[in-house]
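Quick note on the working numbering: the sequence shown kicks off at 354 and runs consecutively.
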Amino acid sequence: MNKNGIRPIEEDILIEDIQENDEESQSPKKKAIKIPKIDLIKLLLSIQKFFTTSPKQKFATLALILGIIVIIYTGLLLLSTKSPGQSKPEPEPKQSPKTQTEEEKTLSELGNKIEEFNTRLNNLDNYRQKLSQPIVNLDIRFEL
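Following this line, the structure appears as structure tokens:
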């Protein structure tokens, strides 16, 4: 122990802490980057002035339209993607185990419905043959 009652290991730790504090104080502090404030009215006026005084207005208009399309597309793309925190896994619906007899009953009912539909469909094929041809009088006369 030293005269202050500090053990050697504690003394080493204190020395390292003091050195780190000295290094931090000597290093220049980085200032946060300030984002300049943009006056939207002045920006819009300058864009309007550019488009009205530009010698190639068609090119500038096409570039503006293309830029708007790109911005809208990326905005919609960002809206359509879901972040992992928002998507919740949906629980699987619980299905009660069916016995073989219930499955066989449902299969036989479906088979009966299919057969009934097929017989109705076959009857409709003969329906057209049973109809008589329409009688149309093509002898049209106009009398004055």
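Each residue gets a CB set at the ideal place from its N, CA and C atoms; glycine is no exception.
With respect to residue 416, residue 407 sits apart: the two C-beta atoms are not nearer than 8 Å. DSSP places residue 402 within a helical segment (H, G or I) once states are collapsed to three.
For residue 423, the enclosing alpha helix (DSSP H) begins and ends at 410-433.
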